[in-house]
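*Asks:* Here it is: the structure, laid out below.
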Amino acid sequence: MKRFAGWLLFFWGCICCICASEISITDSWKYKAENDERFSSMDWNDSDWVTVDLPHTWNAGDVIDEQRGYRRGISWYRKKLFIPSEARDKKITLRFDGVASKADVYLNGKLLKTHLGAYTAFGVDITDICEVGKENLLAVKVDNSSSLGEILPPVSGDFSIFGGIYRRVFLQWTEKVHFVTEPYAAVPVRIQTPEVSVSEASMQIVAFLKNDFTDTKHVHVNVFLCDEMNRIVKEKQLKLKLIPGRKYPISTSVGRIENPHLWSPELPYLYTVKVQVCDAKNGEMYQEVISPVGFRWFSVDKTGFYLNGKYLKLRGAARHQDYAGLGTAIPVEMNRRDMRLLKEMGANFVRISHYPQDPEIYRACDELGLIVWSEICVVNEVRKNAAFAHNCKEMLKEMILQNYNHPSVVLWGAMNELWDYHKQAIALARELEALKKELDPYRLSCVAFHAFTWEKPYTQSSKEMFSISDVNGVNVYESWYQGDSATIAPMFDKFCSYSTAKPRFLSEFGAGSDERIHSYTPRTFDFTPEFQLDFNRRYINEMEKRPDYIGYSIWNLVDFQVDGRGDSKPNLNQKGMLTEDRRKKEIYYYCQARWSDIPMIHIAGADWTKRVEICDDSINVRKISVFSNQKTVELIHNGKSLGVREVVNGEAVFAVPFINGENLLDARSGALSDRLKIQMKLLSSRLTDSDVLLDGLCINLGQEHCYFIDPQLQEIWIPDKPYTKGSWGYMDGKPFNSWPGSSHDGVRYGVGADIKNTFLEPLFQTFLIGTTCYRLDVPDGVYEIGFYFTEPFSKDERKNIVRTGVSAEGQRVFDVSVNGEKLIDSLNLADSYGEQTAVVKTLVVNVRNHEGLEILLSPQKGQGVISGLKVKKIR
Ligand code: GCB
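In mature numbering (1 follows the signal peptide of the UniProt record, and there is no 0), the protein residues as written are -20 to -1, 1 to 855.
Laid out in structure tokens, this is it:
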């Protein structure tokens, strides 16, 4: 025990240091992707197990990598755990910040805890089992099987559940007089700020103290509230007599704090509360708890959200927690970085969804000034059994009690998009609501509804669901999964007519994008960043006009992995404003221009700097947006000013006369500037013009309005067109580029399938179907022709013979000939290569007598399909 040196400010620094009694145990774990109950035993030989460091998930590459599959099941971890002698005679605990989804924790062969739930922390008391000053054997059985969904949320969801010990683990010890954190790994001391105004605030602390010594202890509990300069603002002392084995509730306030510095997104002022428990006789300190505290008050009604008495429109995004290549096992700093990126975008809000996330996220929100909606993962469905309801409640308790002290947290959520408001679902919603209010009466409760469910006939059950929480969120995807730009605003109105009594929040809206696909005429579900911008622009414009929605949150800050999702990058939800490896998409800059006060300027198109376009003129006029939060911007193109334009809603649009070759764009506003170099290759539509075919003409068949960039070869695949004389195109058949009826009830990009053997899905997912003749009026010479094929439909899909153009037996067989010569005989893509597999065939053809290139796909069974053509003149 260390001696408590008194109340002097001078000693703060020392006190913080002496209280370090926590070790992060991240290195040298042994891992095995198998299940055998004997793995818990101390003498099991794990020398042939893989050595891993935490955080770790066994699914890091699974979801994205088509070879591996998404393993859901049981794995074991083992760790030799040395407990330092400093921990002798102390209360010793292990804290797991997150294990997905079920953990059985054994120490020295004994099962000490089973924890259910992938997204909340838990503690394991090892005091009586562990051997201090020695090595102990920690073994953890981890399970992320889908069957857990029967009793544990989420039953299902549009995100992958990465198995593993994917957050940090700590070995902690305290004196035997200590604050109680179990059973929910709660904050040791709860801080409440029930009354806050500009002139004064109150603060109370609520905790339980326990004496695990065998004799009675007299203690002083010293509470200090310090400002940012570490000056004591308030202090208080309690005197307690602690009988062994009992839990003592503490609830005390520190008196009125005059003229408090308020916490807000503009100025997230944080005080520090220090609570020390010291022996009354000798001043020795048993435990010190340090926690940030922010003073703010908020209220909400149908006119909006008010923070510290001022109207504040909540603007931000939701966040999933995985990262490219790492899955959910990300270094803790990456959590903070995500929040910083969100803040730098000008957001004041984050929906931590659909589950509680790393403690660092909440800390970062406190410090950066982001208002938090945090929810547990009751997504889509509620199982009707008692265990499910119990586990939901446990999870809610953990989320609230672990994150109680964060001033950033304003809204507690429990449910997202239930499909069916059955009796048990409504009962659970009510119970969770009551629990939220019981545990934390100072915050708002919220729920997110799905358009499909509330659009169903307005039944008594939906009426009930709308009446439960303080704030009703709605997830709207008009003009993405369904509807179009004209149905967005009516949908918002409609929700108002359903949720009449409660404040409303647009809790989700979003469109996917892929930096490899671009268009000047973006359309729903084409995955172009241009459509993502168009979509978000419409929603944001609408939301900014509507005080009846207290806020709006874009889905999602980041692209995230979803096993089985068939977008242009399979197994990924691409609605992020950042890519999965956190590169900024154009939409990020757009929001920054609209939301942030920090001066910025950005020329849109940074991910589209290499362009190939058909243009029979020497100048190709294209619109370019400049995003800025300044009043006006000037754009200079190859040294010539295109004028100064007013910035409207974060954007000024210029018509840029692109020339063949390099186009240097220079945007300026006062001292701000941004530069972008766009390499534009203008192709003549007349194939007789000399250079059209020298670098190769890459045509993305089936695609009508998008350009696709192969990031490795830097080839630009241009959209296709019907044939015109002197040029190229399909003579018959039809382009297939979108398809209603995906697993997400919307349209897909082409077939929306994970095409094996390639990363260039957008090239293979769209195709020509039923085409028998494709013509290119090329001049005489020797040509290399690349044919890009795939059987685009799965076996099941081919049962629909009309839609998929197969024969009555589900077959597709065709010949390919060029200029009358059969070069590929009886091509049966599904049988020879497997369905949805990329096949590239390259042939060399000599064109003579001005015959051009005539490619025939002659069907034997069903209709021919072809996804791409690359034609290059080699001689
Ligand atoms: C939703 C869900 C979310 C999905 C999103 C989408 O409504 O709440 O989990 O990821 O739609 O992108 O489809």
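Ideal Cβ positions, reconstructed from N, Cα and C, are used throughout, including at glycine.
Using a threshold of 7 Å, state whether the C-beta atoms of Gln267 and Val257 are closer than that.
*Replies:* Locating residue 267 in the sequence shown gives position 287, counting from the first residue. Locating residue 257 in the sequence shown gives position 277, counting from the first residue. Cβ distance < 7 Å, so Gln267 and Val257 count as in contact.
*Asks:* Which complete beta strand (DSSP E) runs does the region 218 to 304 hold, if anything under 3 residues is left out?
*Replies:* 227 to 233, 251 to 259, 264 to 273, 278 to 281, 284 to 287 and 294 to 299
*Asks:* With 16 other CB atoms within 10 Å as the buried threshold, where does Gln440 fall?
*Replies:* Counting from 1 along the sequence shown, the entry for residue 440 is found at position 460. Exposed is the call here.
*Asks:* Measure the Cβ-Cβ separation of Gly103 and Glu14 and say whether it is below 7 Å.
*Replies:* As a first step, residue 103 must be located in the sequence shown, where it is residue number 123. As a first step, residue 14 must be located in the sequence shown, where it is residue number 34. No, these two residues do not count as a Cβ contact at 7 Å.
*Asks:* Could you tell me whether the region 119 to 136 touches the region 354 to 371, where touching means 3 or more Cβ pairs closer than 8 Å?
*Replies:* yes
*Asks:* Going by the CB atoms, is the gap between Phe744 and Ile846 shorter than 7 Å?
*Replies:* One-based indexing of the sequence shown puts residue 846 at position 866. One-based indexing of the sequence shown puts residue 744 at position 764. Cβ distance not < 7 Å, so Ile846 and Phe744 don't count as in contact.
*Asks:* Using 10 angstroms around the beta-carbon of Arg52, count the other beta-carbons present and answer buried if the total reaches 16, otherwise exposed.
*Replies:* Against the sequence shown, residue 52 aligns to sequence position 72. The residue in question, Arg52, is buried, as its Cβ has 16 or more Cβ neighbours within 10 Å.
*Asks:* If contacts are defined as beta-carbon pairs under 8 Å, then Asn452 and Arg484 qualify, I think. What distance do you get, rounded to the angstrom?
*Replies:* If you number the sequence shown from 1, residue 452 lands on position 472. If you number the sequence shown from 1, residue 484 lands on position 504. Confirmed, about 6 Å.
*Asks:* Is it the case that the CB of Asp539 approaches a heavy atom of the ligand GCB more closely than 6 Å?
*Replies:* Counted from its first residue, the sequence shown places residue 539 at position 559. Because no heavy atom of the ligand GCB lies under 6 Å away, the Cβ of Asp539 does not count as near it: no.
*Asks:* Since Val624 and Ile604 are thought to touch, with beta carbons under 8 Å apart, how far apart are those beta carbons, to the nearest angstrom?
*Replies:* By 1-based counting over the sequence shown, the position of residue 624 is 644. By 1-based counting over the sequence shown, the position of residue 604 is 624. The pair is not a contact, with the Cβ atoms about 15 Å apart (cut-off 8 Å).
*Asks:* Quick check on the DSSP output: the alpha helix (DSSP H) that includes Gln745 runs from which residue to which?
*Replies:* The residue given as residue 745 occupies position 765 in the sequence shown. First-last of the alpha helix (DSSP H) with Gln745: Glu741 to Gln745.
*Asks:* Can you tell me which residues form a DSSP beta bridge with Ser533?
*Replies:* Mapped onto the sequence shown, residue 533 falls at position 553. DSSP output for Ser533 lists Gly296 as bridge partner(s).
*Asks:* What are the boundary residues of the alpha helix (DSSP H) that includes Ser812?
*Replies:* Looking up residue 812 in the sequence shown gives position 832. Annotation for Ser812: the continuous alpha helix (DSSP H) segment containing it runs Leu809 to Tyr813.
*Asks:* Please name the residue, chosen from Leu807, Ala818 and Gln816, that lies closest to Gln840 on a Cα-to-Cα basis.
*Replies:* Start at 1 with the first residue of the sequence shown, and residue 840 comes out as number 860. Considering only alpha carbons, the answer is Leu807.
*Asks:* On a Cα-Cα basis, can you pick out the residue from Glu626, Ala165 and Glu444 that is closest to Asp105?
*Replies:* Taking the sequence shown and counting its residues from 1, one reaches residue 105 at position 125. Nearest of Glu626, Ala165 and Glu444 to Asp105, Cα basis: Ala165.
*Asks:* If I follow the unbroken beta strand (DSSP E) through Trp399, where does it start and stop?
*Replies:* Locating residue 399 in the sequence shown gives position 419, where the first residue counts as 1. Taken as a continuous stretch (DSSP letters only), Trp399 belongs to no beta strand (DSSP E), as it is neither H nor E.
*Asks:* Near Ile131, what residues of its chain come up, given a Cβ to Cβ distance below 8 Å and the 5 sequence neighbours on each side ignored?
*Replies:* Indexing the sequence shown from 1 puts residue 131 at position 151. Closer than 8 Å at the Cβ level, and outside the excluded window around Ile131, lie Leu96, Arg363, Asn365, Ala367, Phe368 and Asn371.
*Asks:* Does any heavy atom of the ligand GCB sit closer than 6 Å to the C-beta of Glu397?
*Replies:* Indexing the sequence shown from 1 puts residue 397 at position 417. The answer is yes for Glu397.
*Asks:* Would you kindly report the start and end of the unbroken alpha helix (DSSP H) that includes Lys373?
*Replies:* Counting from one through the sequence shown, the residue named residue 373 turns up at place 393. Here the alpha helix (DSSP H) through Lys373 covers Ala366 to Gln382.
*Asks:* CB-CB under 6 Å to His582, same chain, minus the five flanking residues each way: which ones, in chain order?
*Replies:* For the purposes of this step, residue 582 is taken as the residue at position 602 of the sequence shown. Excluding the 5 residues flanking it on each side, His582 has same chain C-beta neighbours closer than 6 Å at Tyr569, Phe607 and Asp654, in chain order.
*Asks:* With DSSP collapsed to three states, give me the class of Leu322.
*Replies:* Here the question's residue 322 lines up with position 342 in the sequence shown. Of the three classes helix, strand and coil, the one that applies to Leu322 here is helix, per DSSP.
*Asks:* Under 6 Å from any heavy atom of the ligand GCB, does the C-beta of Glu488 make it?
*Replies:* As a first step, residue 488 is located in the sequence shown; it is residue number 508 there, counting from the start. Yes - the ligand GCB has a heavy atom lying nearer than 6 Å to the Cβ of Glu488.
*Asks:* Which of the three DSSP states, helix, strand or coil, is assigned to Asp346?
*Replies:* Locating residue 346 in the sequence shown gives position 366, counting from the first residue. Looking at Asp346 - three-state DSSP - the assignment turns out to be helix.
*Asks:* Name the one or two DSSP bridge partners that His198 has.
*Replies:* Sequence index remark: in the sequence shown, residue 198 carries index 218 (1-based). For His198, which the question treats as bridged, DSSP gives the partners Lys221.
*Asks:* Does the distance from the CB of Thr501 to the CB of His300 come in under 7 Å?
*Replies:* Position 521 of the sequence shown, counting from 1, holds the residue named residue 501. Position 320 of the sequence shown, counting from 1, holds the residue named residue 300. No.
*Asks:* Beta-carbon within less than 6 Å of Met834's beta-carbon, same chain only, minus the 5 sequence neighbours each way: which residues are those?
*Replies:* Mapped onto the sequence shown, residue 834 falls at position 854. Checking the sequence, you will find Glu at residue 834 rather than Met. Result list for Glu834: Arg755 and Asn799, in chain order.
*Asks:* For the beta strand (DSSP E) that Met711 lies in, which residues bound it at each end?
*Replies:* What you label residue 711 is simply residue 731 of the sequence shown in a count that begins at 1. Run containing Met711: none; DSSP gives neither H nor E here.
*Asks:* Give the straight-line distance between the Cα atoms of Ser838 and Thr784, rounded to the nearest whole angstrom.
*Replies:* Looking up residue 838 in the sequence shown gives position 858. Looking up residue 784 in the sequence shown gives position 804. Those two C-alpha atoms are separated by around 17 Å.
*Asks:* Are the region 611 to 626 and the region 693 to 701 touching by the rule of at least three beta carbon pairs closer than 8 Å?
*Replies:* no
*Asks:* Taking a contact to mean a Cβ-Cβ separation below 7 Å, would you say Ala818 touches Ile735 in this structure?
*Replies:* As a position in the sequence shown, residue 818 is number 838, starting the count at 1. As a position in the sequence shown, residue 735 is number 755, starting the count at 1. Closer than 7 Å, so yes.
*Asks:* Between the alpha carbons of Tyr57 and Val112, how many angstroms are there, rounded?
*Replies:* Position 77 of the sequence shown, counted from the first residue, corresponds to residue 57. Position 132 of the sequence shown, counted from the first residue, corresponds to residue 112. Looking at the backbone, the Cα of Tyr57 and that of Val112 are separated by about 21 Å.
*Asks:* Return helix, strand or coil for Ser649, following the three-state DSSP convention.
*Replies:* For this step, residue 649 is matched to residue 669 along the sequence shown. Reduced to three states, the DSSP call for Ser649 is strand.
*Asks:* According to the Cβ coordinates, are Arg276 and Leu250 closer than 7 Å?
*Replies:* Taking the sequence shown and counting its residues from 1, one reaches residue 276 at position 296. Taking the sequence shown and counting its residues from 1, one reaches residue 250 at position 270. It is not a contact, given that the beta carbons lie outside the stated cut-off.
*Asks:* DSSP three-state label for Ala29, please.
*Replies:* Stepping through the sequence shown from its first residue, residue 29 is reached at position 49. Just to set this straight, residue 29 is Trp in the shown sequence, not Ala. In this structure, Trp29 counts as coil in the three-state DSSP scheme.
*Asks:* Flag this pair as yes or no: are the beta carbons of Thr100 and Met375 separated by less than 7 Å?
*Replies:* Mapped onto the sequence shown, residue 100 falls at position 120. Mapped onto the sequence shown, residue 375 falls at position 395. In contact: Thr100 and Met375 (Cβ atoms closer than 7 Å).
*Asks:* With a cut-off of 8 Å on the beta carbons, I'd call Thr751 and Gly676 a contact; round off their distance for me.
*Replies:* Here the question's residue 751 lines up with position 771 in the sequence shown. Here the question's residue 676 lines up with position 696 in the sequence shown. Thr751 to Gly676, Cβ: 21 Å. No contact.
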